[in-house]
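For the record, the sequence lines run as chains A and B. Adding 4 to a residue's 1-based position in the first sequence gives its number in the working numbering. Adding 41 to a residue's 1-based position in the second sequence gives its number in the working numbering.
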Amino acid sequence: AQTVTQSQPEMSVQEAETVTLSCTYDTSENNYYLFWYKQPPSRQMILVIRQEAYKQQNATENRFSVNFQKAAKSFSLKISDSQLGDTAMYFCAFMKHWRNTPLVFGKGTRLSVIA
Amino acid sequence: EPEVTQTPSHQVTQMGQEVILRCVPISNHLYFYWYRQILGQKVEFLVSFYNNEISEKSEIFDDQFSVERPDGSNFTLKIRSTKLEDSAMYFCASMGLYVTNYGYTFGSGTRLTVV
Chain A
5 AQTVTQSQPE
15 MSVQEAETVT
25 LSCTYDTSEN
35 NYYLFWYKQP
45 PSRQMILVIR
55 QEAYKQQNAT
65 ENRFSVNFQK
75 AAKSFSLKIS
85 DSQLGDTAMY
95 FCAFMKHWRN
105 TPLVFGKGTR
115 LSVIA
Chain B
42 EPEVTQTPSH
52 QVTQMGQEVI
62 LRCVPISNHL
72 YFYWYRQILG
82 QKVEFLVSFY
92 NNEISEKSEI
102 FDDQFSVERP
112 DGSNFTLKIR
122 STKLEDSAMY
132 FCASMGLYVT
142 NYGYTFGSGT
152 RLTVV
């Protein structure tokens, strides 16, 4: 079974600074997807970024980028130029590379951006 | 951008009552899911649905739960006899043929409170 571990329950960052959220996972699969989801106080689940394991290049979406280390089974999220609206819970998630498999989530990291 | 729609956004029910949570997935998606998030905890998979039948379910999805797609557009989760511990946020999600092309999209959730 797959597991996802987020070792930082809470983090804080000053506005405009950079912060990195950690995620490690355990799997015997070779092909899979990794995701970061943002959950603001409204509790909606919003996709931040997605990484395909067969791609060596790290995914980027504007101020969000990942550091994907497949051998180390590590998938960290870097948020640059942090904004107050980035304050949320962030969940790392794993999905096998098959069409109809469920997401496995970590326990989340609560990020607070401070003005 | 296409959305997954969930209704109601908040439901309060008495212990022992039946509830039906409703979801309208994105129209061209093929795979449908229900997840649960107890307050302050991680998101947990309940069940996946494809081609009008359950394709996978977790150990949480016991006999008190059922899902159906009654009319080709709605996707419902029924809890037959609610318990206090069923209080949670319930998320519906849908996915197209390929994660990379059509994504894995969550609805905004239904907050279920059992009293």
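Note that beta-carbon positions come from the ideal geometry of N, C-alpha and C, so glycine has one too.
- Note on geometry: alpha-carbon atoms of glutamate 126 (chain B) and threonine 54 (chain B) lie some 12 angstroms from one another.
- Per the C-alpha coordinates, the member of B:Glu44, B:Tyr91, B:Leu80 and B:Ile120 positioned closest to isoleucine 101 (chain B) is B:Ile120.
- At the C-beta level, glutamine 47 (chain B) and arginine 63 (chain B) come within 8 angstroms of one another.
- Judged by their CB atoms, serine 69 (chain A) and threonine 28 (chain A) are not nearer to each other than the 8 angstroms cut-off.
- Secondary structure at glutamate 21 (chain A): coil, using DSSP grouped into helix, strand and coil.
- Counting other Cβ atoms within 10 Å of its Cβ, leucine 88 (chain A) stays below 16 and is therefore classed as exposed.
- In the three-state scheme derived from DSSP, where H, G and I count as helix and E and B as strand, aspartate 85 (chain A) is classed as coil.
- For serine 96 (chain B), the enclosing beta strand (DSSP E) has its first and last residue at 94-98.
- Neighbours of proline 45 (chain A) in chain B, taken as residues at a C-beta separation under 7 angstroms, are lacking, since the least C-beta distance is about 12 angstroms.
- Around phenylalanine 95 (chain A), the beta-carbon contacts reaching into chain B at under 9 angstroms are Lys83 and Val84.
- Linking lysine 82 (chain A) to phenylalanine 132 (chain B) through their CA atoms gives a straight-line distance of about 26 angstroms.
- The three-state secondary structure of glutamate 56 (chain A), taken from DSSP, is strand.
- Under the DSSP assignment, tryptophan 40 (chain A) falls in the beta strand (DSSP E) whose first and last residues are 36-43.
- Each residue's CA atom was taken as its position, placing serine 89 (chain B) and valine 52 (chain A) some 23 angstroms apart.
- Sequence-distant partners of proline 44 (chain A) (beyond 5 residues in either direction) whose C-beta falls short of 6 angstroms from its own C-beta, in its chain, are Ala92.
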